[in-house]
Amino acid sequence: VVLVGNLIGEDHVNFVLMYNMLTGIRIAVSRCQAKIRRELTTEDFIARHKYSFDIVGNELTPSAKYDFKFKDYAPWVFRVLREDHFHLDPADYLLSLTAKYILSELGSPGKSGSFFYFSRDYRFIIKTIHHAEHKFLLKILPRYYEHVKANPHTLLSRFYGLHRVKLPRGKKIHFVIMNNLFPPHKDIHETYDLKGSTVGREYSEEKATLNPRAVLKDLNWINRGKMLELGPEKRALITEQLRRDAELLKEINVMDYSLLVGIHNMQRGNRDKVRKNTLKVFQPDMPEPGTPGAPSVITMRRIMRSSDPKRLGKNTIKLPEADTGERQHFIFYQDEGGLRATDESNDAMNTIYYLGVIDILTPYSFRKKLEHLWKGLQDDIHKISPVPPEEYADRFFDFMKAIMRGGGGGARFKADYKPG
Ligand code: ATP
Ligand code: CA
Ligand code: CA
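To get the UniProt record's numbering, take the position in the sequence shown, counting from 1, and add 343.
(1) I need the straight-line Cα distance from residue 287 to Glu448, nearest angstrom please.
(2) In this structure, what does DSSP give as the bridge partners for Asp678?
(3) Under a criterion of Cβ closer than 5 Å to any non-hydrogen atom of ligand 3, which residues qualify, in chain order?
(4) Look at Lys711 and Val542 and say whether their C-beta atoms are less than 7 Å apart.
(5) Check whether the Cβ atoms of His392 and Pro418 lie closer than 7 Å to each other.
(6) Buried or exposed: Asn349, going by 16 or more other Cβ atoms within 10 Å of its Cβ?
(7) Going by alpha carbons, who is nearest to Gly753 out of Phe429, Phe742, Tyr760, Met747?
(8) Cα separation between Lys538 and Arg374?
(9) Report, in whole angstroms, the separation of the C-beta atoms of Ile531 and Leu446, which I expect to be a contact under 8 Å.
(10) Rounded to whole angstroms, what is the Cα-Cα separation between Asp561 and Tyr760?
(11) Could you tell me which whole alpha helix (DSSP H) segments of length 4 or greater appear in the region 549 to 579?
(12) Looking at C-beta atoms only, is the number of pairs between the region 681 to 691 and the region 583 to 592 that lie closer than 8 Å three or more?
(13) Look up Lys657 in the DSSP assignment and say whether it is helix, strand or coil.
(14) Secondary structure at Asn363, three-state DSSP: helix, strand or coil?
(15) Which same chain residues end up closer than 6 Å to Tyr697 when comparing Cβ atoms and leaving out the 5 residues on each side of it in sequence?
(16) State the beta-bridge partners of Phe411 as determined by DSSP.
(17) For Lys616 and Lys529, I'd like the C-alpha separation in whole angstroms.
(18) Grab the span of the alpha helix (DSSP H) containing Ile719 for me, first residue to last.
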């Protein structure tokens, strides 16, 4: 399988940022990794290590192409998370991210202005986040850590690192490294971002026919009459895990997260040998992540390339053909890196789901409360996206039960399904 991505070469506007992020990760992570393992202390959760890079270099940091500062947050906590709980091989992690300075950019798929980058092998995602999200992750880190420890099969985003790059003119860019839910070796034929909210949660079906890679939403799911096909065994497991994860999300007081579901149809297989991604091309000025409306999209173009390796352009990367190791440790990511559909007798069906709970760093802030009131004036106050965390989590959990065949519950959503 070959992925077509928007590779960041030296001429790309975000090349310097990418170079700085990867250089920082390489040095900071290998420094922490070089030390002998020890037990975590409470200080580890507030620790931050600073690095200053320049062209000359010093005893702490080798010389770099550019001047910049790098901060590594709670490095020990993330090291323990990666090694003990997320089953990543330390050398592998660094190699995937930094062996060659290659990332592909997804631009900003969300409204938030965050940028997404894939590691060369498509296993890791770097997401730039707002300062508020950054502070929030640090605040809840002890709680997140405990949850992951107690729930090795959690469906929540797996955070592998939290860092900051500061550019010479003082601009600060915060970012997290997390798991890519979607596998490098399987085509995803349909993608849904589900919240359990039904107001405005629809991607135009007309546009969807033009762009099969579009991220669809709750109403598309309902109107297409889709169901998660999971037999009694898997259904019981995933329901229980979702219940526990939703409890944590309630406790840390967040909302607006979603269940991301990628569907691989095994009959269709990887016939679409070349991933045809819709790429966004940005203005040559990197927009401040977080500014409303940023980044502005100048053009959208579909790039299709031949799967003939001799004809691979510079925008293509060769991807691994098989599933990589760590997913074997997790029950919901065990079948080709995902969760194979099963029928009522628990027999395998021809679909693999790739799913997880993403975007979990949005607290119910003053702004969200206003949005709740404002949108509540125009639509059903219980069906809009911004609702208080407790209600959000219950509705989310209910929706997930409603979309599982045989899942029971979710009466309020069953009513939304159109007959036929
Ligand atoms: P907004 O706040 O406007 O919803 P955001 O910038 O916070 O957007 P996310 O909701 O985290 O972005 O993600 C946007 C999209 O990026 C998702 O719908 C999904 O298609 C893709 N995505 C995000 N995280 C992952 C992941 N871990 N694995 C695979 N795809 C992901
Ligand atoms: Ca989101
Ligand atoms: Ca978000």
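A virtual CB, placed ideally from N, CA and C, is assigned to each residue, including glycine.
Looking at the coordinates:
(1) Because residue 287 is not part of the residues shown, which for the chain are 344 to 763, the question remains open.
(2) Paired residue(s): Gly681.
(3) Ser455, Asp702
(4) no
(5) Against a cut-off of 7 Å, the Cβ pair of Pro418 and His392 comes out as a contact.
(6) buried
(7) Of Phe429, Phe742, Tyr760, Met747, the residue nearest in Cα terms is Phe742.
(8) 39 Å
(9) The Cβ separation is near 20 Å, so there is no contact.
(10) For Asp561 and Tyr760, the distance between alpha carbons rounds to 11 Å.
(11) Fully enclosed alpha helix (DSSP H) runs of no fewer than 4 residues occupy 561 to 566 of the region 549 to 579, in order along the chain.
(12) no
(13) Caution is warranted here: a pLDDT of 49 is assigned to Lys657, below 50, making its placement in the model unreliable, and the coordinate value is therefore given only provisionally. The answer is coil: DSSP assigns Lys657 none of H, G, I, E or B.
(14) helix
(15) Leu524, Phe525, Gly605, Gly681
(16) Phe396
(17) Below a pLDDT of 50, predicted positions are generally treated as unreliable, and Lys616, at 47, falls in that range; no measurement from the model is reported.
(18) It should be noted that the sequence gives Gly, not Ile, for residue 719. 709 to 721 is the span of the alpha helix (DSSP H), which, as asked, contains Gly719.
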